[in-house]
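Be aware that the sequence shown starts at 224, since it is given in the numbering used here, and climbs by one per residue. Ideal placement from N, C-alpha and C gives every residue a C-beta, glycine not left out. Please read these numbers as outputs of a predicted model, since none were measured by experiment.
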Amino acid sequence: MKKLLAFLSLCMVIGTGAYADANKAILNCTIHGDNQSGLFLYQLKNGQAMSLGFKRPDENKKCVFEVDVKEGVYFFKKAGAGHGNNQFNYVIYLKAGDQKKLDFYISKSSNDYDSCVVEKPNVETKCLQTWLNAFNQYVNAVTSKHDQSYSKYEDLKKFATAFLQENKTDNTYFNGWLADKISTDINYLKAANYFKFGRLNAFYDSTATVQPFYKPLQAKEIVCDPRLLRSEHGMEMLDYIFAYRKFIAVKNTQDLLKASFSEYTSSICDDAVKVAYLEHHLPSITRYEDFVNYIQPYQNLFATDEQKAIYQKVYNNLAIFAKGRPGYNFELKDVNGKAYTLESFKGKIVVIDVWAMWCAPCLAEKPIYLKIEEQYKDRNDIVFIGISVDGLSRVEPWTGFVKKKGWTNIELLSNPTESLFKYYGISGIPRFLIFDREGKTVTVDAPRPSNPGFKKLIDETLAAGK
């Protein structure tokens with residue numbers, strides 16, 4: 224009897240473990256060729272491809288991904304192969320409990336994998352890869368020959384219709400999902416075509432004769448359709464559509480580039496799409512005041528535990544940037560080894576330029592920064608500081624660089640992962656910060672000196688509290 228109970232207990236333990244594993248999918252990947260290159264995995268979620276990180280192959284050129292999944296779409300990219308855009312070459316459809324073997328092949332001259340072979344791919348993966356190939360073929364063709372985009376677009380629409388009719392699987396959920404994705408992809412291609420799939424300041428397809436092609440983008444419902452959450456191009460499509468509408472309204476690049484995503488949020492009448500759009504733009508929020516103005520009014524839309532956690536994390540991170548909060552009291556040394564702190568400048572407006580010797584935009588802004596400083600040379604209630612993040616190990620080259628430039632302002636040196644740089648989570652430079660006479664935050668993300676708003680903000684800060 225005891226043996227039977229022990230056996231049953233063992234079965235329960237094994238069963239529990241198997242059940243837990245059944246909620247995951249395992250991807251066993253082998254990289255053939257450059258084994259130094261990491262493999263990135265992305266998950267299609269809420270209208271965009273979200274990075275799940277990367278794995279670097281071991282000495283046997285193998286790496287393993289383990290993902291929690293019920294059923295969904297995943298993409299692969301080689302490290303360095305156009306990260307930051309949503310054009311992928313390889314896709315896989317995963318279900319809970321899947322264990323897949325994948326082989327990636329790459330030549331030394333290729334920026335991405337030459338091919339990806341999935342062992343025993345399911346029918347969903349085959350369908351997705353076929354559509355992805357057709358999608359990419361269109362993008363690559365019309366990017367170089369834009370005048371052919373309209374006729375090729377109609378050809379792709381016909382292909383999509385036939386493709387969906389001919390590729391019905393036994394998975395009814397997938398069939399519906401694929402139809403939604405392809406519908407969104409088709410709309411995305413039209414919107415992106417207006418900007419030649421590039422940046423908003425690079426190209427506008429504004430020739431009068433082709434404007435009827437883009438007219439469907441004006442439809443109100445196109446930005447309110449929850450089906451767009453089923454494509455990795457959903458959020459990107461919204462950005463392009465809103466930019467298209469803005470350009471049609473203002474008819475100039477300057478006003479288009481000044482526009483914030485917040486102008487368009489109210490146009491989205493579906494709550495699920497709206498919160499996904501807000502999440503999509505959360506990384507661009509670097510000021511607490513912007514969070515309060517653009518995100519906080521929609522706090523109630525962040526309803527799930529995951530959404531609430533995302534909202535709270537960003538709020539907590541930005542709260543330290545709030546205007547009026549005590550500034551971070553750094554302690555750093557200048558070219559002569561003299562230490563300075565933020566508190567040592569109490570009674571003065573403190574303007575800080577975060578830069579580095581290797582940063583071309585920083586060096587382009589520096590002469591303008593110093594010229595503005597010169598305009599306040601007769602005042603004793605303001606100080607201009609430079610903080611280099613070249614690192615303490617580079618103190619001698621940095622000292623020589625500053626002296627060679629002939630800069631006479633206070634220049635300090637910091638490690639790039641410490642002090643003020645770390646405290647404010649600065650991820651890009653140049654970065655400009657302003658603190659008032661009491662050492663309280665005015666902004667930790669001021670306009671660049673080349674922007675008239677920089678000097679205007681300084682003058683406003685000087686005038687305050689008099």
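Asked	Found
Beta-carbon proximity list for phenylalanine 677, same chain, < 8 Å, skipping 5 on both sides	Ile595, Phe655, Ala669, Pro670 and Arg671
Cβ neighbours of arginine 450 in the same chain (closer than 7 Å, five flanking residues each side left out)	Asp403, Ser406 and Thr407
Whole-angstrom distance between isoleucine 464 and glycine 399, CA atom to CA atom	24 Å
Alpha helix (DSSP H) runs contained entirely in the region 346-396, provided each spans 4 or more residues	346-367 and 372-389
Among Thr384, Thr392, Gln310 and Asn416, nearest to threonine 348 - alpha-carbon criterion	Thr392
Exposure of lysine 679, with buried meaning 16 or more beta-carbon neighbours within 10 Å	exposed
Spatial distance of aspartate 337 from tyrosine 328 (CA atoms)	6 Å
Own chain partners of aspartate 493 with C-beta closer than 6 Å, once the 5 adjacent residues on each side are dropped	Cys447 and Pro449
Alpha carbon of tyrosine 242 to alpha carbon of methionine 458, nearest angstrom	In this prediction, tyrosine 242 scores a pLDDT of 41, lower than 50, which makes its location untrustworthy; no coordinate-derived value is stated.
Close-in-space but distant-in-sequence residues of the same chain around serine 232 (CB under 7 Å, 5 per side omitted)	A caution first: serine 232 carries a pLDDT of 43, below 50, which makes its placement in the model unreliable, though a value can still be read off. Cβ within range, chain order: n/a, list empty.
Separation of asparagine 516 from glutamate 597, as counted between CA atoms	35 Å
Spatial neighbours of tyrosine 599 in its chain, beta-carbon cut-off 7 Å, leaving aside the 5 residues before and after	Ile605
Beta-carbon spacing of lysine 293, alanine 272 below 8 Å	no
DSSP three-state assignment for isoleucine 409, whether helix, strand or coil	helix
Tyrosine 265 versus aspartate 528: straight-line alpha-carbon distance, rounded	22 Å
Length-filtered (3 minimum) beta strand (DSSP E) runs lying within the region 541-587	554-557, 562-564 and 572-578
Contact set for cysteine 582: own chain, Cβ-Cβ below 8 Å, skip 5 residues either direction	Ile652 and Pro653
Leucine 267 in three-state terms, based on DSSP	strand
Buried versus exposed call for alanine 686 [16 or more other C-beta atoms within 10 Å across all chains shown]	exposed
Proline 280 classed as buried or exposed, judged by whether at least 16 other C-beta atoms fall within 10 angstroms	buried
Start-to-end residues for the alpha helix (DSSP H) that takes in histidine 456	That residue, histidine 456, is in no alpha helix (DSSP H); it is neither H nor E in DSSP.
Spatial distance of aspartate 641 from aspartate 321 (CA atoms)	Reading off the sequence, residue 641 comes out as glutamate, not aspartate. In a straight line, the C-alpha of glutamate 641 is about 43 Å away from that of aspartate 321.
CB-CB length for valine 498 against leucine 524, believed under 8 Å	4 Å
For threonine 640, the first and last residue of its enclosing beta strand (DSSP E)	Unbroken run through threonine 640: none, as it is neither H nor E.
Under the three-state DSSP convention, the category isoleucine 608 falls into	strand
Inter-stretch contact at 8 Å, needing at least 3 Cβ pairs: the region 284-300 / the region 465-484	no
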